Structures are given as C-alpha cells and as structure tokens.
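In this note's numbering, the protein residues as written are 10 to 316.
Ideal placement from N, C-alpha and C gives every residue a C-beta, glycine not left out.
Keep in mind it's a predicted model, so treat the numbers as computed, not measured.
Step one of this worksheet: look at the structure below.
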C-alpha cells in the first residue's frame with residue numbers, strides 16, 4: 010500500500026485578481042491569501058498561484074491549463090468569477106471543481122452561496138465543502154454565472170470607478186444608482202418569449218438571474234432561487250405611466266412583491282428576444298454590447314462549485 014507521504018500530491022490552480030474590491034491595498038487581505046494558500050497546502054494540494062495581468066486573463070488561464078489541476082480556485086470579484094467559469098466552460102478537456110474566494114466589492118453570487126468573505130475561511134470551504142453542481146447561463150455565444158441584465162441600474166457595476174469601489178464599497182453602487190435616476194424613465198420596447206410564453210412589452214429593467222442579489226441593489230427571495238434546477242429567474246419591470254405607478258412599483262420591488270402588475274416574474278430555461286433599439290446588457294456585472302436579437306439558455310449543472 011502506498012503511504013500517504015508517497016501519494017501523488019493534488020494540484021490546485023489559484024487565479025487571483027490583485028485589483029478586486031477593497032483588498033488590493035490592504036495587508037490584512039494579503040495575509041488572508043497567505044492563509045488560504047496554507048489551507049490548500051495542508052489539505053494536500055500543491056498550489057500554483059497566478060495573478061491576472063489583464064482583462065480576460067482569468068478565462069485564458071482556466072481554459073488553457075485548468076484541466077491540468079484537481080481544483081481551480083478563483084480569488085476576486087464577480088467579474089473574475091465570470092471569467093474563470095467562462096474559461097472552464099470552454100476547456101477542451103475536463104472541468105475541474107471550482108473554489109471561490111470572494112474578494113470583490115459586492116459579491117452577489119457569494120452572498121447566494123453564503124460563502125465567507127475571509128480568504129482563509131473561504132479556502133476551507135474550497136477544500137472541504139460539498140461539491141455542488143450549479144447552472145451556467147449562455148447569452149448567445151457568451152457565458153454568465155448568475156445574471157444577464159439590461160436597462161435601469163445595469164450600468165452601475167461597470168461605471169463605478171474602481172477607486173470609488175475600493176473606498177466606499179457597496180455605498181459606491183448606491184451613489185451611482187442615484188446618479189442614474191434622471192435617465193431611468195427610458196423604457197425599451199422588446200419582443201421576448203420565455204419558454205414559449207410571449208412577453209412583449211416596454212420595460213425599464215430586465216434580468217435573467219441565478220442569485221438572491223442583483224448588482225448589490227435588487228433582491229430575490231432565497232426560497233425562490235435554486236442554483237441547480239435548470240431554471241433561471243426572469244424579472245422584468247414594466248414602464249410606469251405616472252408618478253403614482255412609479256411609487257407603487259418601487260414599493261413592490263423593495264418588498265419583493267413579484268405579483269405586482271408592473272413586474273413580470275418567471276422561472277425559465279430558454280429565452281428569445283429581439284429589439285430595434287440600442288440595448289446594452291451586462292453579464293455578471295461586465296459590459297456586453299448591444300445586440301438586436303439573441304437567445305439566453307440555462308445549461309443545467311454545468312460547473313461543480315465547492316460550497
């Protein structure tokens with residue numbers, strides 16, 4: 010019998026975004042990353058830590074070398090997680106299990122999973138948590154983890170300067186949302202079909218999500234969101250016609266009243282849409298250029314996350 014000391018060591022690829030969230034200038038966070046490496050090492054992993062050098066680098070690393078490792082650990086915000094998952098989805102060989110050390114400003118998806126923000130504690134989950142299959146979304150040819158959205162507030166996550174995110178955290182998103190309020194009255198006329206149901210209309214906001222939090226601003230009930238059920242939550246906010254409707258709609262969103270006539274809420278797996286307008290989207294908080302037509306599909310249990 011091969012002794013434990015002679016067993017081949019497992020290998021972990023740690024993809025670290027050094028610019029994510031508040032952590033890039035804090036020694037305490039650096040110590041947390043060192044603690045995370047120690048946790049992985051103690052669990053029997055040889056750790057290969059790679060710092061991302063540019064946008065898209067996390068996806069390149071996961072795609073090109075991810076299959077060579079027993080575990081891929083992403084340390085960064087939702088955007089870094091998106092890149093890492095996109096890389097795993099296009100990996101030509103096997104998809105290694107994924108650990109997530111949330112280090113961004115809002116960390117919407119980590120909140121849905123109740124993952125700790127401390128890197129050392131999150132690393133313990135990565136090595137000893139439950140392998141959890143999660144659904145992955147496909148927006149035309151691009152992938153997303155937890156949300157594709159358009160309209161009001163969707164630009165918040167990528168228009169907030171990184172320096173402001175680092176200094177103010179979640180408050181930065183709120184300030185940017187307030188700044189956008191004067192333009193919130195623009196509604197988009199969209200032809201949309203969800204699992205065969207026609208939902209054409211004029212909408213201020215729309216999201217297809219697999220998270221209890223969207224952009225750090227909008228919330229969905231945890232009882233409504235299941236990360237592995239082959240369904241995403243479709244939320245559409247209709248264009249209110251007067252100030253009273255605006256007030257009632259705001260109250261409905263605040264209290265998660267999804268039965269309000271100004272809100273369309275469905276659990277869906279396939280969406281087709283078209284529009285003649287300039288309609289930019291965000292995928293996991295990252296900008297996606299406008300397209301006149303597209304499809305959104307849920308890919309059931311496509312990635313295994315340690316949670």
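- [ ] Consult DSSP for residue 131 and reduce its assignment to one of helix, strand or coil.
- [x] Within the chain shown, the letter at position 122 stands for residue 131. Helix, per DSSP.
- [ ] Put residue 310 into one of helix, strand or coil per three-state DSSP.
- [x] The sequence position of residue 310 within the chain shown is 301, counting from 1. Reduced to three states, the DSSP call for residue 310 is strand.
Open item on the list: Helix, strand or coil for residue 290? Go by DSSP, reduced to three states.
Closed with: As a position in the chain shown, residue 290 is number 281, starting the count at 1. Per DSSP, reduced to three states, the secondary structure at residue 290 is strand.
Task: Spatial neighbours of residue 56 in its chain, beta-carbon cut-off 7 Å, leaving aside the 5 residues before and after - done: If you number the chain shown from 1, residue 56 lands on position 47. If we look at residue 56 and ignore the five residues flanking it on each side, its Cβ neighbours are 21, 23, 46, 49, 50.
TODO: Can you give me the start and stop residues for the beta strand (DSSP E) that residue 84 sits inside?
DONE: Along the chain shown, one-based indexing puts residue 84 at 75. Counting along the chain, the beta strand (DSSP E) containing residue 84 begins and ends at 80-85.
TODO: Identify which residue in 308, 119, 110 has its Cα closest to the Cα of residue 4.
DONE: Nothing in the structure corresponds to residue 4, since the chain is present only between 10 and 316.
Open item on the list: For residue 80 and residue 70, what's the separation of their Cα atoms in angstroms?
Closed with: Here the question's residue 80 lines up with position 71 in the chain shown. Here the question's residue 70 lines up with position 61 in the chain shown. Rounded to whole angstroms, residue 80 to residue 70 spans 13 Å at the Cα level.
TODO: Could you check what DSSP says for residue 117 in three-state terms: helix, strand or coil?
DONE: By 1-based counting over the chain shown, the position of residue 117 is 108. Three-state DSSP puts residue 117 in a helix.
Task: Length of the line joining the Cα atoms of residue 228 and residue 75 - done: Residue numbering aside, residue 228 sits at position 219 when the chain shown is read from its first letter. Residue numbering aside, residue 75 sits at position 66 when the chain shown is read from its first letter. Rounded to whole angstroms, residue 228 to residue 75 spans 33 Å at the Cα level.
TODO: Give the secondary structure of residue 50 by DSSP, where H, G and I count as helix, E and B as strand, and everything else as coil.
DONE: Along the chain shown, one-based indexing puts residue 50 at 41. Reduced to three states, the DSSP call for residue 50 is helix.
Task: Nearest-angstrom Cα separation, counted from residue 315 out to residue 107 - done: In the chain shown, residue 107 corresponds to position 98, counting from 1. In the chain shown, residue 315 corresponds to position 306, counting from 1. C-alpha separation (whole angstroms): 6 Å.
Open item on the list: In whole angstroms, give me the CA-to-CA distance for residue 10 and residue 289.
Closed with: As a first step, residue 10 must be located in the chain shown, where it is residue number 1. As a first step, residue 289 must be located in the chain shown, where it is residue number 280. Since pLDDT at residue 10 reaches only 41, below the 50 mark, its modelled position is unreliable, and the value read off the structure follows with that caveat. Cα to Cα, the separation comes out at about 59 Å.
TODO: Pull up the distance between the alpha-carbon of residue 100 and that of residue 222, whole angstroms please.
DONE: Locating residue 100 in the chain shown gives position 91, counting from the first residue. Locating residue 222 in the chain shown gives position 213, counting from the first residue. Looking at the two C-alpha atoms, the distance is approximately 28 Å.
Task: Close Cβ partners of residue 301 (< 7 Å) along its chain, the five nearest in sequence each way excluded - done: In the chain shown, counting from the first residue as 1, residue 301 sits at position 292. Within the same chain, residue 301 has close Cβ partners 283, 284, 285.
TODO: Report yes or no: do three or more beta-carbon pairs, one from the segment 117-131 and one from the segment 251-271, lie closer than 8 Å?
DONE: With a cut-off of 8 Å, the segment 251-271 and the segment 117-131 do not count as touching, because too few Cβ pairs lie within range.
Task: Proximity of residue 237 and residue 144 at Cβ, strictly below 7 Å - done: Taking the first residue of the chain shown as 1, we reach residue 237 at position 228. Taking the first residue of the chain shown as 1, we reach residue 144 at position 135. Yes. Within cutoff.
TODO: Would you mind stating whether residue 274 and residue 218 have Cβ atoms separated by less than 7 Å?
DONE: Counted from its first residue, the chain shown places residue 274 at position 265. Counted from its first residue, the chain shown places residue 218 at position 209. No, these two residues do not count as a Cβ contact at 7 Å.
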